[in-house]
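For the sequence shown, the working numbering gives the first residue as 674, with consecutive numbering after it.
We treat Cβ as the ideally placed atom computed from N, Cα and C, and that holds for glycine.
Here's the structure we're looking at; comments come further down.
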Amino acid sequence: MAPKVLVILTSYGEILDSDGKAIQKTGWYLPEFGHPYDILAPKCELVIASPKGGVAPLDPSSLQPWIQDDAPSASFYNTKKALWENTAKISDFLGRADEFAAVFYPGGHGPMFDIATDADSIALIAEFWTKGKVVAAVCHGPAAFVNVTLPGGEHILKGKDVSGFSSAEEDAVGMSQYMPFVLEDKIKAGGAVYHKAPEMWAPTVRVDGKLITGQNPASAKGVGEAIAVALGV
Numbered sequence: 674m675a676p677k678v679l680v681i682l683t684s685y686g687e688i689l690d691s692d693g694k695a696i697q698k699t700g701w702y703l704p705e706f707g708h709p710y711d712i713l714a715p716k717c718e719l720v721i722a723s724p725k726g727g728v729a730p731l732d733p734s735s736l737q738p739w740i741q742d743d744a745p746s747a748s749f750y751n752t753k754k755a756l757w758e759n760t761a762k763i764s765d766f767l768g769r770a771d772e773f774a775a776v777f778y779p780g781g782h783g784p785m786f787d788i789a790t791d792a793d794s795i796a797l798i799a800e801f802w803t804k805g806k807v808v809a810a811v812c813h814g815p816a817a818f819v820n821v822t823l824p825g826g827e828h829i830l831k832g833k834d835v836s837g838f839s840s841a842e843e844d845a846v847g848m849s850q851y852m853p854f855v856l857e858d859k860i861k862a863g864g865a866v867y868h869k870a871p872e873m874w875a876p877t878v879r880v881d882g883k884l885i886t887g888q889n890p891a892s893a894k895g896v897g898e899a900i901a902v903a904l905g906v
């Protein structure tokens with residue numbers, strides 16, 4: 674029987690300024706789901722959820738250049754829309770960690786605004802971790818971990834080798850001023866040893882036991898491969 678992987682996408686689709694005015698559309702980032710999907714789907718059963726359920730917004734800025742220059746992303750976008758247009762709710766899976774082998778959080782800026790503080794997601798991660806499941810995220814996906822405290826009172830990231838979207842990369846895309854927190858700083862504040870590539874946009878994947886994280890979109894394939902290795906598929 675194929676192992677089941679729960680994929681959690683953001684429900685947050687629009688970044689607002691301090692006055693509540695819409696600045697730009699956001700969501701989850703195309704290759705950060707597409708690349709791991711290509712690796713895992715032939716070997717695993719993937720179940721997709723989001724905080725609100727229903728349509729999980731795809732960040733339109735992730736379409737270019739990915740659907741032009743990256744054939745796997747283009748194919749995923751053109752053929753798999755049902756995956757993100759019909760998501761279940763995270764709350765549907767609380768108390769069901771035994772049914773799954775792993776949980777995976779793709780990035781995009783959306784998770785910074787909803788998943789980072791979503792009570793159901795925080796409880797789900799703590800449950801999966803306590804049950805010994807693989808817990809993985811890429812780019813802004815590790816925002817899901819920054820507020821997770823385990824039943825014993827310890828932060829999930831304490832002492833762990835962790836990667837995630839760097840402050841330099843956030844500055845480079847001009848989004849730092851709009852973020853609710855600085856991801857790199859929050860990862861460090863959780864007690865993690867933060868890792869990033871020597872150069873911006875280069876892939877970096879860190880595996881620390883059952884915790885798998887990647888720095889940026891270029892790291893998504895590596896995160897998918899690391900999940901597959903961890904699951905033995």
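Practice item. Quick one: using the 10 Å Cβ neighbour count with 16 as the cut-off for buried, is residue 785 buried or exposed? Key: For residue 785, the number of other beta carbons within 10 angstroms of its own is at least 16, and it is reported as buried.
**Study point:** Where residue 856 falls: helix, strand or coil (DSSP)
**Key:** Looking at residue 856 - three-state DSSP - the assignment turns out to be helix.
Review point. What whole-angstrom Cβ distance do residue 699 and residue 826 have, given they're in contact under 8 Å?
Key: Contact doesn't hold; Cβ gap of about 33 Å is too wide.
Point to revise | Under the three-state DSSP convention, the category residue 741 falls into | key: If DSSP states are grouped into helix, strand and coil, residue 741 belongs with the helices.
Review point. For residue 874, which of helix, strand or coil comes out of DSSP?
Key: Note: residue 874 maps to coil in three-state DSSP.
Point to revise | C-alpha gap between residue 808 and residue 860, whole angstroms | key: Those two C-alpha atoms are separated by around 15 Å.
Check your understanding: Mind checking residue 709: buried by the 16 CB within 10 Å criterion, or exposed?
Key -> In this structure residue 709 is buried. Its beta-carbon is surrounded by 16 or more other beta-carbon atoms within 10 angstroms.
**Study point:** Close-in-space but distant-in-sequence residues of the same chain around residue 747 (CB under 8 Å, 5 per side omitted)
**Key:** If we look at residue 747 and ignore the five residues flanking it on each side, its Cβ neighbours are 739, 740, 741.
Practice item. Run the CB neighbour count on residue 705, radius 10 Å, all protein chains shown included, and call it buried at 16 or more, exposed below. Key: Sixteen is the threshold: when 16 or more other Cβ atoms of the shown chains lie within 10 Å of the Cβ of residue 705, as they do, the residue is buried.
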